[in-house]
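If you're matching positions, the sequence shown starts at 4 in the numbering used here and goes up one per residue.
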Amino acid sequence: MLIFLPFCRQGNNMIIGAMNNPHKEIIEQIHSFGEMNFDYLELTLEYPHASSWVVQKQKKRILDALSSYNLGLVAHFPWYFSISHPYEGIQKATNKEFEEVIKAAASLGAKKAVLHAEASLSPSLQSNVNMVANTIKNLKSLKKYAEAEGVNLLIENTSNRACTIKEFKKIFSEVDIKMALDIGHASLRGGAGFEEYVREFSKKVAHVHLHDNFGFNDDHLPLGAGKMDVEAVVAKLKAFYDSTITLEVHSPDPHYLKYSRDMLEILWYGKKKFEDNKDYLYPDGYKPAKY
4 MLIFLPFCRQ GNNMIIGAMN NPHKEIIEQI HSFGEMNFDY LELTLEYPHA
54 SSWVVQKQKK RILDALSSYN LGLVAHFPWY FSISHPYEGI QKATNKEFEE
104 VIKAAASLGA KKAVLHAEAS LSPSLQSNVN MVANTIKNLK SLKKYAEAEG
154 VNLLIENTSN RACTIKEFKK IFSEVDIKMA LDIGHASLRG GAGFEEYVRE
204 FSKKVAHVHL HDNFGFNDDH LPLGAGKMDV EAVVAKLKAF YDSTITLEVH
254 SPDPHYLKYS RDMLEILWYG KKKFEDNKDY LYPDGYKPAK Y
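Spelled out as structure tokens, the structure:
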């Protein structure tokens with residue numbers, strides 16, 4: 004099984020992964036991603052079929068399945084875990100759950116674990132200033148715990164209701180942590196935009212989520228199915244980044260995931276290199292998704 008060193012560089016060779024659906028059984032998804040020749044699984048450790056306790060019970064089966072396809076692993080916390088709740092007791096309980104996820108991720112060999120910046124609550128409950136202060140406090144604590152387990156935390160940009168560019172700068176000035184850049188989230192209207200994130204945080208990016216949308220909702224569409232200029236995004240990304248990219252396409256049809264991977268590889272490496280690689284991987288013939 005591939006074990007990704009923290010924030011490694013691979014000489015402009017990106018590493019492409021896919022994320023599990025926590026409402027489906029993990030093992031069969033690992034086999035599906037392996038058959039599609041992904042490089043790693045991004046395991047979102049969510050209820051019901053991928054919670055930390057389920058993963059711990061299935062640890063050997065998961066590791067065996069990953070190993071059978073030489074798949075690496077990146078971990079993702081439940082997106083609904085709060086990182087800045089104003090009620091201290093609730094946050095302490097949530098941090099305990101964060102720790103359980105960290106232990107489960109570490110037991111599987113994950114070196115990267117992604118958590119969401121939290122969307123701001125009603126101003127009547129908590130101001131953005133307090134939200135950022137609580138985020139910083141909890142990130143420091145969880146980062147220390149994760150590092151003791153050999154896991155590097157990454158903070159992901161989410162909707163435009165979560166941290167702004169200015170607020171991320173404040174977080175990064177206080178916590179030595181890297182960013183998981185979600186390009187789909189960055190492309191939503193009302194937010195700073197992908198290019199602004201790149202200008203400000205290109206040196207902080209240690210992981211990427213890529214998916215399409217129409218600019219209004221977090222649709223998690225296949226590449227090319229929304230309004231994102233995928234070719235321009237990949238060109239800009241390629242100029243500074245060459246590590247893990249998770250295609251976070253939410254569709255019950257795996258062909259859309261495969262299509263997105265093919266598109267990304269063609270745009271990154273060029274059509275000829277893509278076809279040569281497929282000839283090597285599939286000597287008996289391969290029919291790539293039409294692009």
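Ideal Cβ positions, reconstructed from N, Cα and C, are used throughout, including at glycine.
Residue ranges of each beta strand (DSSP E) run of no fewer than 3 residues wholly in the segment 203-277, ordered along the chain? 208-213 and 247-250
Burial state of residue 225, where buried means 16 or more other Cβ atoms lie within 10 Å: buried
Taking only three categories from DSSP, how would you classify residue 112? coil
Supposed close pair residue 78, residue 33 - CB separation, criterion 8 Å: Wrong, their Cβ atoms sit about 14 Å apart, outside the cutoff.
Counting along the chain, where does the alpha helix (DSSP H) carrying residue 138 start and finish? 131-151
Answer with buried or exposed for residue 23, where buried requires no fewer than 16 other C-beta atoms within 10 angstroms of its C-beta. buried
Extract the residue ranges of the beta strand (DSSP E) inside the segment 10-73, only unbroken runs of 3 or more that lie entirely within it. 18-22 and 43-47
Might you give, ordered along the chain, the residues of its own chain that have their beta carbon closer than 6 Å to the beta carbon of residue 248, omitting 5 neighbours on each side? 17, 19, 211 and 213
Taking the alpha-carbon of residue 70 as reference, which of 55, 42, 82 and 54 has the nearest alpha-carbon? 42
Under 8 Å: do the segment 105-123 and the segment 54-65 share three or more Cβ pairs, one atom per stretch? yes
Quick check: what's the CA-CA separation for residue 7 versus residue 147? Confidence is the limiting factor: at residue 7 the pLDDT is only 48, short of 50, which leaves the residue's position unreliable, though a coordinate-based value still follows. Approximately 20 Å, taken between the alpha carbons.
Please state the DSSP three-state secondary structure of residue 155. strand
So the alpha helix (DSSP H) residue 79 belongs to, where does it begin and stop? It is not in any alpha helix (DSSP H) - residue 79 instead sits in the beta strand (DSSP E) that spans 75-79.
Strictly by DSSP, which residues pair up with residue 181? 157
Is the beta carbon of residue 159 sitting closer than 8 Å to the one on residue 183? yes
Spatial neighbours of residue 152 within its chain, please: C-beta separation below 7 Å, excluding the five flanking residues on both sides. 105, 106 and 109
Please decide whether residue 270 counts as near chain B, where near means a Cβ-Cβ distance under 8 Å. As a matter of chain content, chain B is missing from the structure shown, which is built from one protein chain.
Proximal residues to residue 205 (C-beta, below 7 Å), its chain only, five neighbours per side dropped: 243
Please state the DSSP three-state secondary structure of residue 88. coil
Pick out whichever of 266, 203 and 251 has its Cα sitting closest to the Cα of residue 227. 266
Exposure label - residue 63; buried when at least 16 CB within 10 Å: exposed
In chain order, what residues of the same chain lie with their CB nearer than 7 Å to the CB of residue 82, ignoring the 5 residues before and after it? 119
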